[in-house]
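4 protein chains.
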Amino acid sequence: MGMVGGGEGAFIGAVHRMAAALDGEIELVCGAFSSDSQRSARSGAALHLPPQRVYSDYQSMMNNEQQLPVQERMQFVSIVTPNHLHAPVATAALHAGFHVMSDKPATFDLQEALALRALVRESGLLYGLTHTYTGYPLVKEARERIAAGELGAIRKVVVEYPQGWLADRQEDTDNKQAVWRLDPTQAGVSSCMGDIGVHAANLAEYVTGLNISEMCSDLTAFVEGRKLDDDGAVLLRFDNGARGVLHASQVSVGEENGISVRVYGELGGLEWRQEDPNTLWLKWPDRPAERLRTAGGYLGPLATASARTPMGHPEGYIEAFANLYRSFAQQIQARESGGSPDPLALDCPGIEEAVRGMQFIELAVAASASDVKWHRFDKQ
Amino acid sequence: MGMVGGGEGAFIGAVHRMAAALDGEIELVCGAFSSDSQRSARSGAALHLPPQRVYSDYQSMMNNEQQLPVQERMQFVSIVTPNHLHAPVATAALHAGFHVMSDKPATFDLQEALALRALVRESGLLYGLTHTYTGYPLVKEARERIAAGELGAIRKVVVEYPQGWLADRQEDTDNKQAVWRLDPTQAGVSSCMGDIGVHAANLAEYVTGLNISEMCSDLTAFVEGRKLDDDGAVLLRFDNGARGVLHASQVSVGEENGISVRVYGELGGLEWRQEDPNTLWLKWPDRPAERLRTAGGYLGPLATASARTPMGHPEGYIEAFANLYRSFAQQIQARESGGSPDPLALDCPGIEEAVRGMQFIELAVAASASDVKWHRFDKQ
Amino acid sequence: MGMVGGGEGAFIGAVHRMAAALDGEIELVCGAFSSDSQRSARSGAALHLPPQRVYSDYQSMMNNEQQLPVQERMQFVSIVTPNHLHAPVATAALHAGFHVMSDKPATFDLQEALALRALVRESGLLYGLTHTYTGYPLVKEARERIAAGELGAIRKVVVEYPQGWLADRQEDTDNKQAVWRLDPTQAGVSSCMGDIGVHAANLAEYVTGLNISEMCSDLTAFVEGRKLDDDGAVLLRFDNGARGVLHASQVSVGEENGISVRVYGELGGLEWRQEDPNTLWLKWPDRPAERLRTAGGYLGPLATASARTPMGHPEGYIEAFANLYRSFAQQIQARESGGSPDPLALDCPGIEEAVRGMQFIELAVAASASDVKWHRFDKQ
Amino acid sequence: MGMVGGGEGAFIGAVHRMAAALDGEIELVCGAFSSDSQRSARSGAALHLPPQRVYSDYQSMMNNEQQLPVQERMQFVSIVTPNHLHAPVATAALHAGFHVMSDKPATFDLQEALALRALVRESGLLYGLTHTYTGYPLVKEARERIAAGELGAIRKVVVEYPQGWLADRQEDTDNKQAVWRLDPTQAGVSSCMGDIGVHAANLAEYVTGLNISEMCSDLTAFVEGRKLDDDGAVLLRFDNGARGVLHASQVSVGEENGISVRVYGELGGLEWRQEDPNTLWLKWPDRPAERLRTAGGYLGPLATASARTPMGHPEGYIEAFANLYRSFAQQIQARESGGSPDPLALDCPGIEEAVRGMQFIELAVAASASDVKWHRFDKQ
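If you read the protein sequences in the order shown, they are chains S, U, B and C.
For the first sequence, the positions run 1 to 380 when full-length UniProt numbering is used.
For the second sequence, the positions run 1 to 380 when full-length UniProt numbering is used.
For the third sequence, the positions run 1 to 380 when full-length UniProt numbering is used.
For the fourth sequence, the positions run 1 to 380 when full-length UniProt numbering is used.
This is how it looks when you write it as structure tokens:
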């Protein structure tokens, strides 16, 4: 694995590295950690990389790695830059013949996402997108239970993602993440929807197996001087007629990372909360609610394969992240060994989720600005 | 106290009676418990009332009680009928000179509520409305903390009220409450918003001290054959610029009575959930969240006066309800003794909340049917 | 009902009165609220009692009430004094022909309890003991589930009761309850075990249906100058071979009223916590834990009869207390009408629990002082 | 790092490997994964080790690795065998000049632990012991808060560790861990105390900074045919006069891995539960309880250095484990670079905890068999 972005002080780059390292199946072999070449070099050294595999720009990395012997060169690129670089780096990697694992949102805008999808299809290479929350074992179980019809036809979805870290002008401090996430030239058209609303939308679609078909939204920039939203609420309609509510916030003071999803069908309901990720509630009309737990013997194969320790040994965010990396690595291995991957390894978000996500972000912003109530997702 | 409605088998009538009895300050002295006179008589006998104080219709009750000596006759009427009778009974009571304590929603429609308000004003009598959830000590504390500015200017409100009891066709069973709540001739224009959405709206306004100024709503009748909504979601805007999300449901299978409210201001946030009513969370950007508990020595005077037992002795729904009755009774006592009531006793919803509630219900229904996004509350 | 004790400022007297009033089946008709006659008179007036039914000592109350017409006089005495008066008042009441509902612990010492039991048996009158926690619907459900064998043979019981209110020298303040609970002449041989350890022991025996047969204990007075324990831990052995741990504390700073019980059998486990009283956990080896809730349609008849509101409307301490009073009143009614009480109404602690409790307290104190490990309960 | 034990199908070996890999600072370079050489070879191959670095016995591993160039050979041995092999492997490693990271309990019996301590001291090499739970950030915070005097003098400790996985005869199945943990020739004198009770005792001492000085214990083998305890309860006295309760169980059906600790001092209390590891409660007599969270900005340096992601991104068991490995690796690095380690890196259990643990296990067993109540820890 080679990494683009994620130099000193970056949060998400370190998470990607830990997630990739956890299972001993993926080795970081090179990186372009920063466009500041000294910074990139220092980061690479701290990661025990040989200096010649530490690059000061991603294009050099693609060029050089391409020329290394197959056994030696990186097999895929992990992209952990600000949003506006996701597509350029992914494009360069695909052109150079490398698979891509990208942080979200996939691209700067929808148009880029569509172009990227075309390129992925054409290249025949693998593309993964780190919608981390789908990596949790019990999120997978939730999806499987609904797919198996245990809740009956889905009627109502409540998905939320409150955070509080941008409740004041963090962008005026040395909080680098705050700076770029609120900068339209780096983040795109949205801060709150682009960073976390898109996770919520993805989670709702992943768990229910439904597609959002229409939305009505109200986005706000509460903190003075912001050009991008730091809060938003969206009414949802799904393609089967289900209704939903999605709300996300970066100014809900005191909230940490509270993404959660509740789904109600004709026969039952379920609830999952990321801050208590090893618990999944199933709720029934006429019998006690059931508390499912990560690694419980009663879970399905997908959830079971996604846990690393026995029940009661909490698994967290890094493990969920690692599940995406592990699936992605297994797909690469299968591809390279000419076999087919374990079907369980296919459960990793990819280029279709990339397009859906960018659609969601753009439509949320457009709908918020409109006096018309409902806005339809186009078929892309 | 005399009661109208609440005969054998009714749920809310019994709650009103327990709430009124709890503190030993209010005595049930008469009632018209059912329009079926035998049923009313049986109910009265079970409640140890003398037969001559058990009436078969509310008008007779008003007439007869009016003619009893002041010391003996009821002082106020408690109305616990289906919605369509609230206003007629309240009107009759006020005309006969009795104070009124009414279940919610206050009336069948907004027009009735406006007429009732005029009558209350004109009569000089007291009118209380049992928005029960404002009776909880920690809901009062939440209001006081916000009023004192501890959270700073309010930005975001999330209020929800999921229930699951109408997820199938209960109205085809002998569930009397289901029958009338889904019958437009008894319930009014809404089931879900009329029964529980109105509680949520009231809770949001009570806790924040703000008024909802605009809304965008999407109501649904999920269960086949229903004429009224059994689910709904509403985007809110408040008069200070705050935004909110309100959602309520009667088809969220497995949910019990999950009304909750979360409020975020510039400086802090708070959270209260009715199913864990003795806990109030205060959340801060830079220090640990605090868990306030009913009867904690650090609470303000209103919350303190509203608790009956020491910390750790759970107080519940009936106690919250009893707080409304106690305040209302104290107001009556003060009125009759010519004094002014304890200021803490004034914290009981009344005729203004009645009008706000009916506005909310009607606007939620109208907005849902409209293609226009935002709908303003008129000044009433 | 007549009350002895519970004058102005007392905590538990007010709770008894609310519990008795809640269902509208018990009327407070007289009282000797304090040995200070002015204080008693003021208390009686505040409770709207006629002056002639407010007594300055309990013996006068017994004498006078005995002479009133049967229809008019009190039917039972509620005893809410400090411990040392429980037995004298109960004895006087029984001699005067009145049933007795007593706060716990039943008496000052075991010898008194045995004498009281003899008198109760001889008198043919009813005796109830307010081990409140057995009044919660889900505690009853727990007992029923175990009795039905759902957990298999019981192996392990963990019962605890942490409080923090005596962590400093409250007995030097005007906290009257602290003063008498730490005074050996009023409280008996124990503070912590006598006040709350005895509740824990009762709860363990009630829920499991087992008897404690042996114990090993370690009691401590942490706060300087105390003559009685303010903390203790006890190893338990039950008559079926099960083992247990009981610990209670009045110096666990920050704890409120945390009585809880966990029971494990060969087939399953259960857990109930008083501060979340409307939830009962059933735990299984091979399927998800189940969360039972007060008023759930799946509960047994005893729990069902003990709930007053639908699921999700929290019931608390006063309601649990009221369940004991309601059962006791139903027993009296049945007795006086010559019938047999509803079997469900028999579920109220009585004179046998009184004796068990006093044995527990005395043995806990004796065992703590001993170098010998195990101490057996004598058959009493 | 070289590993002894932890071949195919073993649980804890995989955890050690993930923990070591997480931060990219430790590389697995060799192993003797099983005494079955084919099994060891298969395990090594699955871990991508070169065949010549996969050994079929630990002695060969020590011998061969010793002869490799310093740059190439393992720097320390990770021991993940059943208990009876811990000391022999550690001894061989130390004799061969390798540092040792061992699973717990440290040895088969106390005598071995004392001998091992002598050897460690003599060798000047590093010895780490994976009492995992001390690796959690908030356990470290708890320790720091108590050390800083925030709770005042400690009075009461409640530590518990319920599990349910041995509630039936798992030792008759192919559950290898159950087989050896219940076999006195592999596990030592205790199953429940040796496997998990020792964690609880360590946690109590780590968090409070106190030493247990006396104990009274009652251990039981509930499941028929067992030679070792599967449950136990222990009364504790600490060297400062504090009292405690420790209970642990392998037959508490439905419990997962419920280690928790509560500590009460003169000024405040705290609570931490491993199944919700990112929350630490501080409890106060006169103000609301505080909910501290992993990575909260208000935490001390030790807890802060032990977290890898922002608040609200759950960290779990593997991360806690990785903290021990990271500290141990930092100590080795400092040693080898001739510097002193970061003081924060010293927070890893070592040979003193090894001796304390074996004392605890042996004393718990001896005390349980005795009729004498209290048993003192000897100075070792």
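Where is the CB? At the ideal position from N, CA and C, for every residue including glycine.
Asked                                                                                                                                                                          : Found
Any idea if Asn63 of chain S is buried or exposed, counting beta-carbon neighbours within 10 angstroms, 16 or more meaning buried?                                             : exposed
Give me whichever residues DSSP pairs with Trp180 of chain S in a beta bridge.                                                                                                 : The partner list for Trp180 of chain S (beta bridge, DSSP) is empty, contrary to what the question assumes.
With a CB to CB cut of under 6 Å and the five nearest residues on each side skipped, what residues in its chain are close to Gly296 of chain U?                                : Met311
Would you call the CB atoms of Val198 of chain C and Phe321 of chain C closer than 7 Å?                                                                                        : no
What does a CB cutoff of less than 6 Å around Gln66 of chain S pick up in its chain, not counting 5 residues either side in sequence?                                          : Ala96
Hey, Leu129 of chain U and Glu353 of chain U: beta-carbon distance below 7 Å or not?                                                                                           : yes
Looking only at its chain, what residues have a beta carbon closer than 7 Å to the beta carbon of Asp347 of chain U, apart from the 5 residues adjacent to it on each side?    : Lys140, Leu302, Ser327
Quick one: which chain B residues come within Cβ less than 9 Å of Leu267 of chain C?                                                                                           : Ala167, Val253
Closer than 7 Å, CB to CB, is Thr208 of chain C near chain B or not?                                                                                                           : no
Looking only at its chain, what residues have a beta carbon closer than 6 Å to the beta carbon of Ala113 of chain S, apart from the 5 residues adjacent to it on each side?    : Ala106, Thr107, Ala354, Val355, Met358
On a CA-only basis, which of B:Phe33, B:Val120, B:Ser43 is nearest Thr81 of chain B? Give me that one, please.                                                                 : B:Phe33
Spell out whether any CB of chain U is found under 7 Å from the CB atom of Asn64 of chain B.                                                                                   : no
So Phe222 of chain U contacts chain S; which residues on that side make the cut at Cβ distance below 7 Å?                                                                      : Arg155
I want to see whether chain U comes within less than 7 Å of Asp218 of chain S, judged by CB atoms only; does it?                                                               : yes
What residue ranges within the segment 255-312 of chain C form continuous alpha helix (DSSP H) runs of no fewer than 4 residues, ordered along the chain?                      : 301-305
For Ser40 of chain C versus Gly7 of chain C, is the C-beta spacing smaller than 7 Å?                                                                                           : yes
Report the neighbours of Leu235 of chain S on chain U: residues whose CB is nearer than 7 Å to its CB, in chain order.                                                         : Asp218, Ala233, Leu235
Between B:Ala242, B:Arg237, B:Cys216, which lies nearest to residue 463 of chain C when the distance is taken from Cα to Cα?                                                   : Past the edges of chain C, shown from 1 to 380, lies residue 463 of chain C, and the structure says nothing about it.
Measuring CA to CA, which of B:Ala200, B:Phe238, B:Asn240 is closest to Gly232 of chain B?                                                                                     : B:Ala200
If I'm right that Val234 of chain B touches Val158 of chain B with Cβ under 8 Å, what's the distance once you round it to whole angstroms?                                     : With 8 Å as the limit, Val234 of chain B and Val158 of chain B do not qualify as a contact, their Cβ atoms being about 11 Å apart.
Thinking Glu255 of chain C and Lys283 of chain B are a contact (beta carbons under 8 Å), I'd like their distance in whole angstroms, please.                                   : 7 Å
Kindly identify the DSSP beta-bridge partner or partners of Val158 of chain U.                                                                                                 : U:Val245, U:Arg262
Identify whether Gly338 of chain U lies in helix, strand or coil by the three-state DSSP scheme.                                                                               : coil
Can the beta-carbon of Thr185 of chain U be found closer than 7 Å to that of Val263 of chain U?                                                                                : no
List the residues of chain S whose Cβ lies closer than 8 Å to the Cβ of His375 of chain U, in chain order.                                                                     : Near His375 of chain U there are no residues of chain S at all, since even the closest Cβ is about 10 Å away, more than 8 Å.
Indicate whether the contact test is met: 3 or more Cβ pairs, each with one atom in the segment 114-126 of chain U and one in the segment 276-291 of chain U, closer than 8 Å. : no
Check the Cβ of Pro288 of chain C against every Cβ in chain U and list those closer than 8 Å, keeping chain order.                                                             : Leu282, Glu290, Arg291, Leu292, Arg293, Gly296, Tyr298
Let me check one thing: in DSSP terms, what residues is Leu235 of chain U bridge-paired to?                                                                                    : U:Cys216, U:Val245
Could you check which residue in C:Ser337, C:Thr309, C:Pro349 has the C-alpha nearest to that of Asp23 of chain C?                                                             : C:Thr309
Got a sec? Which residues, its chain only, sit under 6 Å from Tyr127 of chain B by beta carbon, not counting five neighbours each side?                                        : Val100, Val120, Gly350, Ile351
My output table needs one value for His131 of chain C: the three-state DSSP class, helix, strand or coil.                                                                      : coil
Taking the alpha carbon of Leu203 of chain S as the reference point, which residue from S:Ala142, S:Gly2, S:Ala115, S:Glu214 has its own alpha carbon closest?                 : S:Ala142
Rounded to whole angstroms, what's the CA-CA distance from Ala153 of chain U to Arg273 of chain U? Just pull it up for me.                                                     : 22 Å
Strictly under 7 Å for the Cβ-Cβ distance: is Asn257 of chain C near chain S by that measure?                                                                                  : yes
Which residue comes first and which comes last in the alpha helix (DSSP H) that contains His99 of chain C?                                                                     : Unbroken run through His99 of chain C is the beta strand (DSSP E), 99-102; no alpha helix (DSSP H).
Under 8 Å by Cβ, that's how I've got Ala364 of chain S and Leu236 of chain S pegged, so tell me the actual separation to the nearest angstrom.                                 : Going by Cβ atoms, the distance from Ala364 of chain S to Leu236 of chain S rounds to 10 Å, so no, they are not a contact pair.
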